[in-house]
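*Asks:* Under UniProt numbering, the letters of the sequence shown match residues 1 to 481, in that order.
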Amino acid sequence: MPWPKRVGDLPAIAWTAFQRCPVWPHPNPSSLCLCPLHPYSYCRDWIAVLRVIWTYKQALKADDSKTDRDQIMANCHEQAAAILRQLFETNGGIYIKLGQHLGLLDYIIPEQYVKAMQVFFDRAPTSSYEDVRRVVQEDLGADIETLFSSFDFAPLASASLAQVHRAVLRDGREVAVKVQHWGLREDSVGDIYTVAVLVELTKRIFPDFNYTWLVEEIQKNLPRELNFVEEAANARRCAAMHADRHDVHIPEIVEDMTSSRVLTMEFCHGIPLTDVASIRAAKVDIAAISRTVTEMFSEQIFVHGRVHCDPHPGNVLVQADGHGRARIVLLDHGLYRELPETFRLEYCRLWRAIIEGDAAGIERHATTMNAGEYYPLFAAMLTYKPWDAVVGRGSDRLELSGSAREKAEVRRNVGKYLRQINALLARVPRDLLLLLKTNDCLHGLENNLRAALERPSDLLPASRPIFNFADVDDVIKVLRG
1 MPWPKRVGDL PAIAWTAFQR CPVWPHPNPS SLCLCPLHPY SYCRDWIAVL RVIWTYKQAL
61 KADDSKTDRD QIMANCHEQA AAILRQLFET NGGIYIKLGQ HLGLLDYIIP EQYVKAMQVF
121 FDRAPTSSYE DVRRVVQEDL GADIETLFSS FDFAPLASAS LAQVHRAVLR DGREVAVKVQ
181 HWGLREDSVG DIYTVAVLVE LTKRIFPDFN YTWLVEEIQK NLPRELNFVE EAANARRCAA
241 MHADRHDVHI PEIVEDMTSS RVLTMEFCHG IPLTDVASIR AAKVDIAAIS RTVTEMFSEQ
301 IFVHGRVHCD PHPGNVLVQA DGHGRARIVL LDHGLYRELP ETFRLEYCRL WRAIIEGDAA
361 GIERHATTMN AGEYYPLFAA MLTYKPWDAV VGRGSDRLEL SGSAREKAEV RRNVGKYLRQ
421 INALLARVPR DLLLLLKTND CLHGLENNLR AALERPSDLL PASRPIFNFA DVDDVIKVLR
481 G
């Protein structure tokens, strides 16, 4: 469709957006209220997206007369990513969460966007003293001084949805208190709706930039992440899944001090996986830590079928015992995905084919997962290796996390195959989308651990599942009890 006709869609889309403005449950269960579409942020969104569209339009026009298309598009991606980063920083709230999602999509979206959005892992908003007190009072029915013998109002950490405070209960237990940012739950509906409208607009004008799948996932998962009662239940179930492991720990939940916006849990001391220098100084067996992390998530995916979907380095602590051994503490249980048995079996068979370099098997099992003709691209996204390396016969083929050269090649190809990547992500099962995100997070964990090793070659790639089974038939037996 010609550019002018696509621009002509703008008024219709804008009017439809206001007509379809969703409703949000009112505090009174018998009432409903219009979800808040804040005029200033709404206008900022439209202006930013129009700037992005214009940036790409100008780049595509210039591309007609220039041969260096890759460099032109790289510059365009960088400019557009900077516009969106500024928008997300200004709007805050759910936009920070969206930026963090994009920052984890390495090898899936252009690297300029990934780099621009990774700042949001360090630049999360913080709630004021008054807002923290208000949320605790409203949800737990008493003021902070009544509930705790001490409460540190300076947050230990802050994220897009909440911040964590160190406190001591009246019975002397040291706890971490996760407090949701005040007003976020109410504002999030309008914010996500606005983002959905603008993504739809961008898709209509530039079909190659179809990220509706990402917005759909956020729309589905955000209400669950905003309900800390569900997070508490997830933490308990995760602890039960790994109860037989001495090297994995899940913080214990304080049930009577937990609500939909306040989560109180055991305070766990440890070294964040982001603190490479401290991990190295602790003189722990880093290769063993890598194995523990990989085994833990492989068990979740292939055995239990219930997967923690946000295992970025900030959500993993290392507890050293002083004798070279360490225990992993897994934090932030806000989002899990249940994986059906049939899906797990196909995913297992797919990885088995990848490990064996079986091109026909990869095609067969990837097609079963609806990847179709994009199966080579699918394998590259899972392994960070180009297709020739995945099915090659070199001695490094089983090193499933690609070399620096291979990763650079895959990154370069993201922009080249953007349309195919988006087509693939739009058609594969939604369960697989979160597993791709989990795979990217595990890749980040691997990079942090690799940086702490004197000999990085000792590290088992965290993106490679561990199969403690003779063959897939044994996996089937485990899955079916």
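Just so you know, even glycine gets a beta-carbon here, dropped at the ideal spot from N, CA and C. All of these numbers come straight from a predicted model, not from anything done at the bench.
For residue 266, which residues does DSSP report across the bridge?
*Replies:* Answer by DSSP bridge pairing, in chain order: 175.
*Asks:* For residue 80, does the count of other Cβ atoms within 10 angstroms reach 16, so buried, or fall short, so exposed?
*Replies:* Flag for residue 80 reads buried.
*Asks:* Checking the sheet assignment: what are the DSSP bridge partners for residue 272?
*Replies:* Bridge partners of residue 272: 317.
*Asks:* Could you tell me the distance, in whole angstroms, from the CA atom of residue 364 to the CA atom of residue 294?
*Replies:* Their Cα atoms are separated by approximately 26 Å.
*Asks:* Determine the DSSP secondary structure at residue 336, reduced to helix, strand or coil.
*Replies:* Residue 336 falls in the strand class under three-state DSSP.
*Asks:* Considering only residues of the same chain and omitting the five flanking positions on each side of residue 49, which have a CB-CB separation below 6 Å?
*Replies:* Counting only Cβ-Cβ distances below 6 Å, and skipping sequence neighbours, we find 198.
*Asks:* On the CB-based measure, 16 or more other CB atoms within 10 Å of its CB, does residue 323 come out buried or exposed?
*Replies:* Flag for residue 323 reads exposed.
*Asks:* Thinking C-alpha only, which one of 191, 234, 354 is nearest residue 309?
*Replies:* When only C-alpha atoms are compared, the closest one is 234.
*Asks:* What are the start and end residues of the beta strand (DSSP E) that includes residue 371?
*Replies:* No beta strand (DSSP E) contains residue 371, which DSSP labels as neither H nor E.
*Asks:* Report buried or exposed for residue 129, applying the criterion of at least 16 other Cβ atoms within 10 angstroms of its Cβ.
*Replies:* By the 10 Å Cβ count, residue 129 comes out exposed.
*Asks:* Rounded to whole angstroms, what's the CA-CA distance from residue 119 to residue 162? Just pull it up for me.
*Replies:* Approximately 17 Å between the Cα atoms of the pair.
*Asks:* Extract the residue ranges of the beta strand (DSSP E) inside the region 185-271, only unbroken runs of 3 or more that lie entirely within it.
*Replies:* Counting only runs of 3 or more, we get 262-266.
*Asks:* Helix, strand or coil: which one does DSSP assign to residue 304?
*Replies:* Here residue 304 sits in helix by DSSP.
*Asks:* Give the straight-line distance between the Cα atoms of residue 290 and residue 46, rounded to the nearest whole angstrom.
*Replies:* When rounded, the distance between both Cα atoms is 44 Å.
*Asks:* Under 8 Å, do residue 236 and residue 306 count as touching if we go by C-beta distance?
*Replies:* No. Outside cutoff.
*Asks:* How big is the Cα-Cα spacing for residue 177 and residue 359?
*Replies:* Computed Cα separation, rounded: 49 Å.
*Asks:* Taking the DSSP output, what are the residues bridged to residue 72?
*Replies:* DSSP lists no partner for residue 72.
*Asks:* Assign residue 54 to buried or exposed, taking buried as 16 or more other Cβ atoms, counted over all protein chains shown, within 10 Å of its Cβ.
*Replies:* Exposed, by the Cβ-count rule.
*Asks:* Should residue 348 go down as buried or exposed, given a rule of 16 or more other Cβ atoms within 10 Å for buried?
*Replies:* Buried: at least 16 other Cβ atoms inside 10 Å.
*Asks:* Please name the residue in 213, 138, 247 whose C-alpha comes closest to that of residue 260.
*Replies:* Closest option to residue 260, Cα to Cα, is 138.
*Asks:* How long is the line joining the alpha carbons of residue 160 and residue 386, rounded to whole angstroms?
*Replies:* Cα to Cα, residue 160 sits roughly 34 Å from residue 386.
*Asks:* Going by DSSP in three states, residue 165 sits in which element: helix, strand or coil?
*Replies:* In this structure, residue 165 counts as strand in the three-state DSSP scheme.
*Asks:* How big is the Cα-Cα spacing for residue 223 and residue 76?
*Replies:* Roughly 34 Å between the two C-alpha positions.
*Asks:* Can you check DSSP and say which residues form a bridge with residue 180?
*Replies:* 162.
*Asks:* Please state whether the Cβ-Cβ distance between residue 448 and residue 273 is less than 8 Å.
*Replies:* Result yes, Cβ atoms of residue 448 and residue 273 sit closer than 8 Å.
*Asks:* Could you tell me whether the Cβ atoms of residue 369 and residue 425 are closer together than 8 Å?
*Replies:* Going by C-beta atoms, residue 369 is not nearer than 8 Å to residue 425.
*Asks:* Can you find the residues in the same chain that come closer than 6 Å, C-beta to C-beta, to residue 95, ignoring five residues on each side of it along the sequence?
*Replies:* Once the five neighbours on either side are set aside, the close Cβ partners of residue 95 are 88.
*Asks:* Which residues in the same chain have their Cβ closer than 8 Å to the Cβ of residue 428, if we skip the five residues on either side of it in sequence?
*Replies:* Closer than 8 Å at Cβ, skipping near neighbours: 369, 370, 371, 378.
*Asks:* Does the separation of the CB atoms of residue 226 and residue 180 fall below 8 Å?
*Replies:* Taking 8 Å as the Cβ cut-off, residue 226 and residue 180 qualify as a contacting pair.
*Asks:* Check residue 293 in the structure and name its three-state DSSP category.
*Replies:* Correct three-state label for residue 293: helix.
*Asks:* Exposed or buried, residue 207, counting other C-beta atoms within 10 Å across all chains shown (16 or more means buried)?
*Replies:* Classification for residue 207: exposed.
*Asks:* Which residue from 268, 183, 314, 247 puts its Cα closest to that of residue 100?
*Replies:* Checked all of 268, 183, 314, 247; the closest Cα to residue 100 is 314.
*Asks:* Which of the three DSSP states, helix, strand or coil, is assigned to residue 151?
*Replies:* Three-state result, residue 151: strand.
*Asks:* Taking the continuous alpha helix (DSSP H) assigned at residue 354, which residues delimit it?
*Replies:* Here the alpha helix (DSSP H) through residue 354 covers 341-356.
*Asks:* Could you check what DSSP says for residue 109 in three-state terms: helix, strand or coil?
*Replies:* Here residue 109 sits in coil by DSSP.
*Asks:* What is the DSSP secondary structure of residue 442, counted as helix, strand or coil?
*Replies:* Note: residue 442 maps to helix in three-state DSSP.
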